[in-house]
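Trainee: First the structure, which I've put down as structure tokens, then a few questions once you've had a look.
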Amino acid sequence: MIQLLFFARFREELGVDAEQLEIEGLSCMGDLLVRLRGRGDAWARLFAENQRVMMAVNQEVADRQTPLHEGDEVALFPPVTGG
Amino acid sequence: MRVQSEPFDPNREVDLLRADDPSIGAIVTFIGLMRDSNEGARVDRLFLEHYPGMTEKALRQIVDEADRRWELQHCRVVHRVGELLPSDPIVLVAVAGRHRKEAFMACEFIIDYLKTKAPFWKRETTSDGERWVGARESDDKAIRHWQSES
Numbered sequence: 150m151i152q153l154l155f156f157a158r159f160r161e162e163l164g165v166d167a168e169q170l171e172i173e174g175l176s177c178m179g180d181l182l183v184r185l186r187g188r189g190d191a192w193a194r195l196f197a198e199n200q201r202v203m204m205a206v207n208q209e210v211a212d213r214q215t216p217l218h219e220g221d222e223v224a225l226f227p228p229v230t231g232g
Numbered sequence: 026m027r028v029q030s031e032p033f034d035p036n037r038e039v040d041l042l043r044a045d046d047p048s049i050g051a052i053v054t055f056i057g058l059m060r061d062s063n064e065g066a067r068v069d070r071l072f073l074e075h076y077p078g079m080t081e082k083a084l085r086q087i088v089d090e091a092d093r094r095w096e097l098q099h100c101r102v103v104h105r106v107g108e109l110l111p112s113d114p115i116v117l118v119a120v121a122g123r124h125r126k127e128a129f130m131a132c133e134f135i136i137d138y139l140k141t142k143a144p145f146w147k148r149e150t151t152s153d154g155e156r157w158v159g160a161r162e163s164d165d166k167a168i169r170h171w172q173s174e175s
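Okay, here's the thing in structure tokens:
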């Protein structure tokens, strides 16, 4: 299993802040995005190819090539706007 | 480095930064305040969300990188989360160095990186309702400037 976290606009538009997901078939972040996009509706819209999505694996900035491992904490969020 | 929902006093943070260290020759501070307007609308309130755990890690990495580049004497970063009102300090970056040049550079580097790398998000309450603040292209440009220098 991996732990998925969603923040800010993503959390609101998806209506979920966290979920557990079986890692089977997900070798990297790119695989995960394809899987989530396949859920349709807000998922397809937010994670479409042309959308800016920031991601982190175990609280480190990641990209589509970052590999996934059992027990990882994975976060998906819109571009940050602090400061 | 602190992330907190309570207000902070920037002057007190600077006093603490310089306390008992006569080797400091320069302090540069950046204080980000909540502005009462954005993109043509009046902003009454701001809510700041963050990713606990990753936020602290990201800030640590940014300050470590600044220290690697400019050998700082001291550095203090404080960032508010939760509900804010106009004029509230949102963020303080205070850098102490031996000389002004490295303190200026490090302070600008830290706030530029914080704005594009640290997981904070602003949601503003305006005269037209609530909205999430979008990322700015100018912030990405600021980062590319530092990357081409490293």
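If you read the protein sequences in the order shown, they are chains C and Z.
Using our numbering, you'd call the opening residue of the first sequence number 150 and step up by one each time.
Using our numbering, you'd call the opening residue of the second sequence number 26 and step up by one each time.
We treat Cβ as the ideally placed atom computed from N, Cα and C, and that holds for glycine.
(1) Using only CA atoms, which one of Z:Val88, Z:Asp153 and Z:Ser163 lies nearest to Asp6 of chain Z?
(2) Below 8 Å on C-beta distance, what does Trp146 of chain Z contact in chain C?
(3) Under a CB-based cut-off of 8 Å, is Ala121 of chain Z close to chain C?
(4) Going along chain Z, which residues have a C-beta under 7 Å from Ala205 of chain C?
(5) Using the Cα positions of Ala131 of chain Z and Gly174 of chain C, report the straight-line distance between them to the nearest angstrom.
(6) Determine which residues share a DSSP beta bridge with Asn63 of chain Z and list them.
(7) Run through chain C and tell me which residues come within less than 7 Å of Thr141 of chain Z, C-beta to C-beta.
(8) Just the Cα atoms here: how many angstroms apart are Val158 of chain Z and Asp165 of chain Z?
(9) Whole beta strand (DSSP E) runs in the stretch 94 to 174 of chain Z with 3 or more residues, listed along the chain?
(10) Using the Cα positions of Val53 of chain Z and Arg101 of chain Z, report the straight-line distance between them to the nearest angstrom.
(11) Report the three-state DSSP secondary structure of Phe159 of chain C (helix, strand or coil).
Mentor: On the basis of the supplied data:
(1) Beyond the ends of chain Z as shown, which are 26 and 175, falls residue 6 of chain Z; an answer cannot be given.
(2) For the purposes of this step, residue 146 of chain Z is taken as the residue at position 121 of the second sequence. Going along chain C in sequence order, the residues near Trp146 of chain Z (Cβ under 8 Å) are Phe156, Ala157, Arg158, Phe226, Pro227, Val229, Thr230 and Gly231.
(3) Here residue 121 of chain Z refers to the residue found at position 96 of the second sequence. False, the Cβ-Cβ gap to chain C never drops below 8 Å.
(4) Looking up residue 205 of chain C in the first sequence gives position 56. The answer, in chain order, is Met79.
(5) Here residue 131 of chain Z refers to the residue found at position 106 when the second sequence is read from its first residue. Here residue 174 of chain C refers to the residue found at position 25 when the first sequence is read from its first residue. Taking C-alpha positions only, Ala131 of chain Z is separated from Gly174 of chain C by approximately 44 Å.
(6) In the second sequence, counting from the first residue as 1, residue 63 of chain Z sits at position 38. Paired residue(s): Z:Ala66.
(7) Reading the second sequence from its first residue, position 116 is the one you call residue 141 of chain Z. Neighbours of Thr141 of chain Z across chain C, judged by C-beta separation under 7 Å: Val229.
(8) Here residue 158 of chain Z refers to the residue found at position 133 when the second sequence is read from its first residue. Here residue 165 of chain Z refers to the residue found at position 140 when the second sequence is read from its first residue. When rounded, the distance between both Cα atoms is 15 Å.
(9) 99 to 105, 107 to 109, 114 to 122, 145 to 151 and 154 to 157
(10) Within the second sequence, the letter at position 28 stands for residue 53 of chain Z. Within the second sequence, the letter at position 76 stands for residue 101 of chain Z. Across the structure, Val53 of chain Z and Arg101 of chain Z are spaced so that their CA atoms are roughly 11 Å apart.
(11) As a first step, residue 159 of chain C must be located in the first sequence, where it is residue number 10. The answer is helix: DSSP assigns Phe159 of chain C an H, G or I state.
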